[in-house]
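Before any comments, here is the structure.
Protein chains: 2
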Amino acid sequence: MLVKSKLKYIQSLGHKKPRDEAGVFIAEGTKLVKELLEEQPASVLEVFALKEWLDAHSKLLTKSKTEEITPIELGRISQLSTPNKVLAVIKQFSSSFPATAIGKIVLALDGIQDPGNLGTMIRNADWFGIEQIVCSPECADIYSPKVVQATMGSIARVKTFYVDLKSWMINQKGVRIYAAVLEGLDIYTMKKIKEGIILIGNESKGIREELLNMANVKITIPRRGKAESLNASVAAGVILGQLV
Amino acid sequence: MLVKSKLKYIQSLGHKKPRDEAGVFIAEGTKLVKELLEEQPASVLEVFALKEWLDAHSKLLTKSKTEEITPIELGRISQLSTPNKVLAVIKQFSSSFPATAIGKIVLALDGIQDPGNLGTMIRNADWFGIEQIVCSPECADIYSPKVVQATMGSIARVKTFYVDLKSWMINQKGVRIYAAVLEGLDIYTMKKIKEGIILIGNESKGIREELLNMANVKITIPRRGKAESLNASVAAGVILGQLV
Numbered sequence: 010m011l012v013k014s015k016l017k018y019i020q021s022l023g024h025k026k027p028r029d030e031a032g033v034f035i036a037e038g039t040k041l042v043k044e045l046l047e048e049q050p051a052s053v054l055e056v057f058a059l060k061e062w063l064d065a066h067s068k069l070l071t072k073s074k075t076e077e078i079t080p081i082e083l084g085r086i087s088q089l090s091t092p093n094k095v096l097a098v099i100k101q102f103s104s105s106f107p108a109t110a111i112g113k114i115v116l117a118l119d120g121i122q123d124p125g126n127l128g129t130m131i132r133n134a135d136w137f138g139i140e141q142i143v144c145s146p147e148c149a150d151i152y153s154p155k156v157v158q159a160t161m162g163s164i165a166r167v168k169t170f171y172v173d174l175k176s177w178m179i180n181q182k183g184v185r186i187y188a189a190v191l192e193g194l195d196i197y198t199m200k201k202i203k204e205g206i207i208l209i210g211n212e213s214k215g216i217r218e219e220l221l222n223m224a225n226v227k228i229t230i231p232r233r234g235k236a237e238s239l240n241a242s243v244a245a246g247v248i249l250g251q252l253v
Numbered sequence: 010m011l012v013k014s015k016l017k018y019i020q021s022l023g024h025k026k027p028r029d030e031a032g033v034f035i036a037e038g039t040k041l042v043k044e045l046l047e048e049q050p051a052s053v054l055e056v057f058a059l060k061e062w063l064d065a066h067s068k069l070l071t072k073s074k075t076e077e078i079t080p081i082e083l084g085r086i087s088q089l090s091t092p093n094k095v096l097a098v099i100k101q102f103s104s105s106f107p108a109t110a111i112g113k114i115v116l117a118l119d120g121i122q123d124p125g126n127l128g129t130m131i132r133n134a135d136w137f138g139i140e141q142i143v144c145s146p147e148c149a150d151i152y153s154p155k156v157v158q159a160t161m162g163s164i165a166r167v168k169t170f171y172v173d174l175k176s177w178m179i180n181q182k183g184v185r186i187y188a189a190v191l192e193g194l195d196i197y198t199m200k201k202i203k204e205g206i207i208l209i210g211n212e213s214k215g216i217r218e219e220l221l222n223m224a225n226v227k228i229t230i231p232r233r234g235k236a237e238s239l240n241a242s243v244a245a246g247v248i249l250g251q252l253v
């Protein structure tokens, strides 16, 4: 049985402040929790699950504290509208060393505020083999439940850093910056790249001017129809697919 | 002042049954309502907005019934967690004539259940100049508030039809079917197409086998990293960008 203090503690992790103070986040659902147990077993601090789930996944659970809970208890601690069978408390990943873009492709996000978009971009990066994302401080929190769920497990593999994008980009000397804008070079005419910073802007305001001014190349996914813009995470996927 | 019966009526439109019985749907926010007023003025039946919004958009409002409401009233009828300044009741678009794929590119969706994904795909189609989408009956309802919001106005331009995909595809004689799967032909090696059905499957189960068997070409966005899959709307965007 879940004691009341634990129940309140887990519920509090839906909010950034208690989450950061405890240095943890929550992940829900079989797919996500399994990926975390496989990729980052030492980070999975506690697993709360229905009996059937614990029985079915006992081999994966040798390193984590587990607690059997009832469906009603799961309903109380879950952040999902349709709770799954498992919820885990995960240690936040260390992000002490700053990302470098030299010799690599890094995705740089300026003010991506929609949690679903940020999570989907982490998943995009993981699909296309991008190992690092740098985010401006205005981006959504990667440990918020909606971001974590949207990554579908990729949060365990892609390193994400919150940095002052301007000073970080200044330090990446010689690395070309490709900024996604509405009027730029057609990405389908470009060759693949092996090094570069791919800069994506806020869903409605785009990239801040002081960052846009630092771009070496402005790039565009050409429009054939009438939509005003593409969804930011779709745009990031299309660009990564074409350039990486 | 919003009378109680009207308030209840608008609230009921969050649900499919009352929405379909009335043959309407709701759209919220300046961008979306403006696009609908510009593209489909006759479909915009009633506009409920704060005084400042009505004043600022009076030129667009010559054909629609308008009603000034207070922020509290807006909060009560809005489906958004952060209500904007305007909500409109829109007539559902006619979809009486079935879509044909001959000479065109049509996006065919088999069981896309996440409303955000469906809305984003409609927006993708609009960006890449695809005029028609056919959906299996298991797809989310295009008139549900989350789908409408995610289209960002593209719902006014892209025609969407709910059909039995198998019999519809049988009728598109000679049109090639390109099915998005995890192991198929690398899309980056393919030439652009001018006619075809691009078939995208359910977020977790993919394309049903009976439809997959009808495909002329199985296509894939090659993976370089470790993510198990791409988000369905990102995949659709990447494929449309490459093939159209």
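Quick note, the sequences are listed as chains A and B, same order.
Heads up: the first sequence begins at 10 in the numbering used here, then just goes up one per residue.
Heads up: the second sequence begins at 10 in the numbering used here, then just goes up one per residue.
Glycine is no exception: its CB is placed at the ideal position from the N, C-alpha and C atoms.
Note that the structure is a prediction, hence the values are computed from the model and not measured.
Residue i in three-state terms, based on DSSP
{"i": "Leu239 (chain B)", "result": "coil"}
{"i": "Lys203 (chain B)", "result": "coil"}
{"i": "Tyr294 (chain A)", "result": "This structure cannot settle anything about residue 294 (chain A), because the visible part of chain A is limited to 10 through 253."}
{"i": "Val98 (chain B)", "result": "strand"}
{"i": "Gly250 (chain B)", "result": "helix"}
{"i": "Ala2 (chain A)", "result": "This structure gives no information on residue 2 (chain A), because the portion of chain A shown stretches from 10 to 253."}
{"i": "Gly210 (chain A)", "result": "strand"}
{"i": "Val157 (chain B)", "result": "helix"}
{"i": "Ile35 (chain A)", "result": "strand"}
{"i": "Tyr187 (chain A)", "result": "strand"}
{"i": "Tyr259 (chain A)", "result": "Here chain A has residues from 10 to 253 only, and residue 259 (chain A) is not among them."}
{"i": "Glu147 (chain A)", "result": "coil"}
{"i": "Lys227 (chain B)", "result": "strand"}
{"i": "Glu47 (chain A)", "result": "helix"}
{"i": "Leu11 (chain A)", "result": "coil"}
{"i": "Ile216 (chain A)", "result": "coil"}
{"i": "Asp119 (chain A)", "result": "strand"}
{"i": "Glu140 (chain B)", "result": "coil"}
{"i": "Gly193 (chain B)", "result": "strand"}
{"i": "Lys182 (chain B)", "result": "coil"}
{"i": "Asn222 (chain B)", "result": "coil"}
{"i": "Arg232 (chain B)", "result": "coil"}
{"i": "Arg132 (chain A)", "result": "helix"}
{"i": "Arg28 (chain A)", "result": "helix"}
Same chain, Cβ closer than 6 Å to residue i, neighbours up to 5 away in sequence not counted
{"i": "Ala165 (chain A)", "result": "Glu44, Leu45, Glu48 and Gln49"}
{"i": "Gln122 (chain B)", "result": "Ala149"}
{"i": "Gly32 (chain A)", "result": "Gln101"}
{"i": "Ser242 (chain B)", "result": "Asn126, Thr129 and Met130"}
{"i": "Ala245 (chain B)", "result": "Met130, Asn133 and Ile209"}
{"i": "Ile151 (chain B)", "result": "Thr169"}
{"i": "Glu76 (chain B)", "result": "Phe57"}
{"i": "Leu118 (chain B)", "result": "Cys144, Cys148 and Ile209"}
Per-residue burial, residue i [other beta carbons within 10 Å of its own, 16 or more giving buried]
{"i": "Leu28 (chain B)", "result": "The residue you asked about is not Leu; residue 28 (chain B) is Arg in the sequence shown. Arg28 (chain B) comes out buried."}
{"i": "Thr198 (chain A)", "result": "exposed"}
{"i": "Leu191 (chain B)", "result": "exposed"}
{"i": "Arg233 (chain A)", "result": "exposed"}
{"i": "Val156 (chain A)", "result": "buried"}
{"i": "Pro146 (chain A)", "result": "exposed"}
{"i": "Leu135 (chain A)", "result": "Before going on, a small fix: residue 135 (chain A) reads as Asp here, not Leu. With 16 or more other Cβ atoms within 10 Å, it is buried."}
{"i": "Pro80 (chain B)", "result": "exposed"}
{"i": "Asn240 (chain A)", "result": "buried"}
{"i": "Met10 (chain A)", "result": "exposed"}
{"i": "Thr91 (chain A)", "result": "exposed"}
{"i": "Thr160 (chain B)", "result": "buried"}
{"i": "Ala111 (chain A)", "result": "At residue 111 (chain A) the sequence reads Ile, which differs from the Ala that was named. Exposed, because fewer than 16 other Cβ atoms sit within 10 Å of the Cβ of Ile111 (chain A)."}
{"i": "Glu82 (chain B)", "result": "buried"}
{"i": "Val42 (chain A)", "result": "buried"}
{"i": "Asp173 (chain B)", "result": "exposed"}
{"i": "Gly183 (chain A)", "result": "exposed"}
{"i": "Ala236 (chain B)", "result": "buried"}
{"i": "Ser176 (chain B)", "result": "exposed"}
Contacting residues, own chain, Cβ-Cβ under 8 Å from residue i (five flanking each side not counted)
{"i": "Ser87 (chain A)", "result": "Glu37, Asn93 and Leu96"}
{"i": "Lys168 (chain B)", "result": "Phe102, Ser104, Ala108, Glu140, Gln141 and Ile142"}
{"i": "Gly84 (chain B)", "result": "Pro92"}
{"i": "Asn225 (chain A)", "result": "Arg185, Ile186 and Tyr187"}
Neighbourhood of residue i by C-beta distance below 7 Å, restricted to the same chain and skipping five residues each side
{"i": "Pro154 (chain B)", "result": "Gly23, Ile35 and Gln88"}
{"i": "Lys227 (chain B)", "result": "Ala188, Val190, Gly193 and Leu194"}
{"i": "Ser21 (chain A)", "result": "Pro27"}
{"i": "Gly138 (chain B)", "result": "Val253"}
*Just by C-beta distance, which residues in the segment 210-243 of chain B are closer than 9 Å to chain A?*
Here the close residues are Ser213, Ile230, Pro231, Arg232, Arg233, Gly234, Lys235, Ala236, Glu237, Ser238, Leu239, Asn240, Ser242 and Val243.
*Report the residues of the segment 70-91 of chain A with a CB closer than 7 Å to any CB of chain B, ordered along the chain.*
Listed by position along the chain: nothing, the set is empty.
_Chain-ordered residues of the segment 177-209 of chain A with a beta carbon less than 7 Å from chain B_ = Answer in chain order: no residues at all.
*Quick one, which residues of the segment 92-113 of chain B are near chain A if we go by CB-CB under 9 Å, in chain order?*
Those residues of the segment 92-113 of chain B placed with their C-beta closer than 9 Å to a C-beta in chain A do not exist.
*Taking a cut of 8 Å between CB atoms, which residues from the segment 123-139 of chain A lie near chain B?*
Those residues of the segment 123-139 of chain A placed with their C-beta closer than 8 Å to a C-beta in chain B are Gly125, Thr129, Arg132, Asn133, Ala134, Asp135, Trp136, Phe137, Gly138 and Ile139, ordered along the chain.
*asked:* Suppose only complete runs of 4+ residues qualify. What are the alpha helix (DSSP H) ranges in the segment 52-104 of chain A, listed by chain order?
replied: The qualifying runs are 60-65 and 80-86.
*Of all the residues that make up the segment 34-63 of chain B, which are near chain A by a beta-carbon distance shorter than 7 Å?*
Under the 7 Å Cβ criterion, the segment 34-63 of chain B contributes no residue.
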